[in-house]
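A quick write-up on the structure given underneath.
Residue numbers (the UniProt record's numbering): 1 to 334.
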């Protein structure tokens, strides 16, 4: 097999991407365990994705029949760099030629209208806020008897010094699902990034498993207990993982059901990184997207691949705008 030629790595400038489109190991008798079991059993008929029980995720009654009519996955498809939609675009020019000249009018939507179910906001937002990175979250209870593995696309990086990440949970502190419960108890986790090579396995962990059934077993993925700052396992198959500790969390009141808590936002600080050797450069500061092959979430049950990308240098006030004089000229063009 010929040696792999690495993809030339882009400079660290803003570059928009275009996207093609727990184990619970023992029978425990403590009161904490009984609360876990009661909460888990009450959730068996609801989805494990972020939208909660009101969200119906599968739009196809017979998905395998629909899938069989589609082209096979193209594993040979690499990452291609293209030009921007309008390489000759100039400052002050506005939208490029892809923008509809006379678009239809916008509609205003009140997310809290009396006749609008909260599930409608879920469907709207996950189809509009795309693509979303996925936190494949590994957690462990404080006493070490319960572990969980689940994907969360209410997730992103929010700072680098210190490394900070945000994860959202559509649940309450009083009735948390396993990942949130473990995170609040142990105050630690591992954030793994999902790659194409284990997409199906990662997706399987969103199953509404009964209490005591392991998502690690369902997925067939490999837990590795070698983290330096946390006791939770990282996913061996993940190209990139982050050991994290809970910095703080905030619980939110439901607008659809007054008096009910409906969401928790957790801020997690990264304490240690794990990167596969063939994915990191010599300076250990850039991950090769050809090796990472990240997968993102879109609306419904749709995932995205990052296979076509483009670069746009960050603008400089003096060099690109021309300073104050250039700015005034741009204003006069309108």
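Glycine included, every Cβ here is placed at the ideal spot set by N, Cα and C.
In the structure shown, residue 231 falls within a coil segment according to DSSP collapsed to helix, strand and coil. Judged by beta-carbon spacing, residue 178 lies within the 9 Å limit of residue 146, meaning their Cβ atoms are closer than that value. Annotated three-state conformation of residue 322 is coil, per DSSP. Between residue 132 and residue 296, the C-beta spacing is below 9 Å. If one requires a minimum length of 4 residues, the alpha helix (DSSP H) runs lying completely within the segment 146-209 are 178-186, 199-204, in chain order. Exposure of residue 110 is indicated by the presence of fewer than 16 other C-beta atoms within 10 angstroms of its C-beta. Contact check for residue 271 against residue 244 passes: the beta carbons are separated by less than 9 Å. When 257, 276, 186 are compared, the shortest CA-CA separation from residue 246 is found for 186. Around the beta carbon of residue 192, 16 or more other beta carbons lie within 10 angstroms, which makes this residue buried.
Residue 141 is classed as buried because its beta carbon has at least 16 other beta carbons within 10 Å across all chains shown.
Boundaries of the beta strand (DSSP E) around residue 310: 303-310. Annotation for residue 291: 239, 276, 278, 279 place their beta carbon closer than 8 Å to its own, counting only its chain and skipping 5 residues before and after.
Residue 239 carries a coil assignment under DSSP once its states are collapsed to helix, strand and coil. In this structure, the beta-carbon distance from residue 329 to residue 322 falls below 9 Å. Residue 105 sits in coil when the DSSP states are folded into three classes, being neither helix nor strand.
Counting along the chain, no alpha helix (DSSP H) covers residue 81; the unbroken beta strand (DSSP E) around it starts and ends at 80-82.
DSSP, reduced to helix, strand and coil, places residue 251 within a strand of the structure shown.
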